[in-house]
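The structure under discussion appears below in the form of structure tokens.
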DNA sequence: TCTGGGGTCCTAGGACCC
DNA sequence: TCTGGGGTCCTAGGACCC
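Numbering (our numbering), first residue to last: 2 to 421.
Below, the structure is given as structure tokens:
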């Protein structure tokens, strides 16, 4: 059996952990740049606030309804996520961290007769220790466990756990699940499936394999197996190294000059460099893109991206910045209102497998030490304590984060004060 | 009349996930 | 004024090789 455990309205729940006044009140968390709603508490959902709605359109509505609004604070959410995962691993021999707020637990060969009892124990424990409410779904495959989790949220709200323990329960669950709500079926496939007469997961389970193969490729075939109770998605107990690492962001304001664009780009390159070093990878290729804001209909639109091979695979920030700016020189055009740019590191390889030729400028041990020290200092004191000159100083373009909560658990200067 | 076959690599685009 | 960011996998088609 597989369990999928999912933190309820995770980002909102994180904000509540350190601010209990928010309990019972509508809370929303916004995307980067305070753009869209990306997490909603139950109360906010009841008010009819939809996922992805642009915040600026709802300013008045938020005020009128006393909605607590937060900028996203990934440092805080990441740290609380780690703590949740650490609690989970105490209950099972193996777990797969699937996302910041989800994990699959391997329940095979556990001494429990009643897995629901185990689920309740886990749920209570996470709530008591971290303060985050969770929902747990248990079923014979990953896809069904995902479904069981959704089913628990919908039909077993009081317990917050559901175990699809036998055929009857599995059928009941699948009958009440629309195809579009199946893990792996997005809007496009949902449309195709409904057009061809498959409305529920139960109906899809009985679909002819050949038809699925032709219309949904091997991905669909794998899904069909999973629905039929045959596990077809591998475990990933060890988080695999990323194949691409990217940093792309819209600016807090529109920018026009290459100088400002280059500061932003250099900062994103530095961010990617840090992530590369953390996973001990080097990039062979980089891609840089710039674009205007497509929502501004009256603005002249421009977008351009360019990929280039680096002379040597590297994760050294200075090198990444140097080549990023070279590419920018080639794709920047004067006279546009730029809204976003990005830096992608592609074709990553482990840093101990980099092939040098005899003529290559190899990173010196001194440079390595500099990078390490820089990463360490920035980790403790916040992201840009130390930066390269190319990243600039004023940062007019930086993200809008008007309603950021403190990093309660990772920054000593922002720790919660009980009493002054 | 009749114009090979088998393979790899790369890229773009489409689908999905949180 | 203001509309997210960061990933994965699969397929098709073209270039190229022998």
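C-beta atoms are modelled at their ideal positions from N, C-alpha and C, and glycine is treated no differently.
Would you decide whether residue i is buried or exposed? Buried here means 16 or more other CB atoms lie within 10 Å of its CB.
i, result
"residue 227", "buried"
"residue 333", "buried"
"residue 381", "exposed"
"residue 4", "buried"
"residue 390", "exposed"
"residue 150", "buried"
"residue 386", "exposed"
"residue 2", "buried"
"residue 188", "exposed"
"residue 418", "exposed"
"residue 155", "exposed"
"residue 351", "exposed"
Residue i: which of the options sits nearest, CA to CA?
i, options, result
"residue 91", "120, 409 and 224", "120"
"residue 281", "43, 73 and 241", "241"
"residue 8", "25, 42 and 140", "42"
"residue 194", "225, 171, 166 and 174", "225"
"residue 104", "57, 407 and 238", "238"
"residue 411", "233, 77 and 6", "77"
"residue 139", "222, 131 and 171", "171"
"residue 167", "68, 145, 134 and 157", "145"
"residue 262", "336, 210, 198 and 206", "336"
DSSP three-state label for residue i, please.
i, result
"residue 268", "helix"
"residue 150", "helix"
"residue 184", "coil"
"residue 252", "strand"
"residue 85", "helix"
"residue 408", "coil"
"residue 290", "strand"
"residue 344", "strand"
"residue 398", "coil"
"residue 353", "helix"
"residue 391", "helix"
"residue 179", "strand"
"residue 108", "coil"
Are residue i and residue j closer than 7 Å when you measure CB to CB?
i, j, result
"residue 235", "residue 392", "no"
"residue 116", "residue 164", "yes"
"residue 309", "residue 347", "no"
"residue 93", "residue 106", "yes"
"residue 124", "residue 161", "yes"
"residue 71", "residue 24", "no"
"residue 357", "residue 291", "no"
"residue 408", "residue 402", "no"
"residue 293", "residue 300", "yes"
"residue 316", "residue 277", "yes"
"residue 313", "residue 289", "no"
"residue 33", "residue 400", "yes"
"residue 27", "residue 56", "no"
So residue i and residue j are supposed to be a Cβ contact under 8 Å. How far apart are they, rounded?
i, j, result
"residue 321", "residue 74", "Wrong, their Cβ atoms sit about 26 Å apart, outside the cutoff."
"residue 249", "residue 325", "12 Å between Cβ atoms; not a contact."
"residue 372", "residue 318", "7 Å"
"residue 153", "residue 180", "Going by Cβ atoms, the distance from residue 153 to residue 180 rounds to 19 Å, so no, they are not a contact pair."
"residue 447", "residue 52", "Only positions 2 to 421 of the chain appear in the structure, and residue 447 is not among them; the question remains open."
"residue 349", "residue 284", "6 Å"
When every heavy atom of the ligand FMN is checked, does at least one fall within less than 6 Å of the C-beta of residue i?
i, result
"residue 133", "This structure does not include the ligand FMN; it has no bound ligands of any sort."
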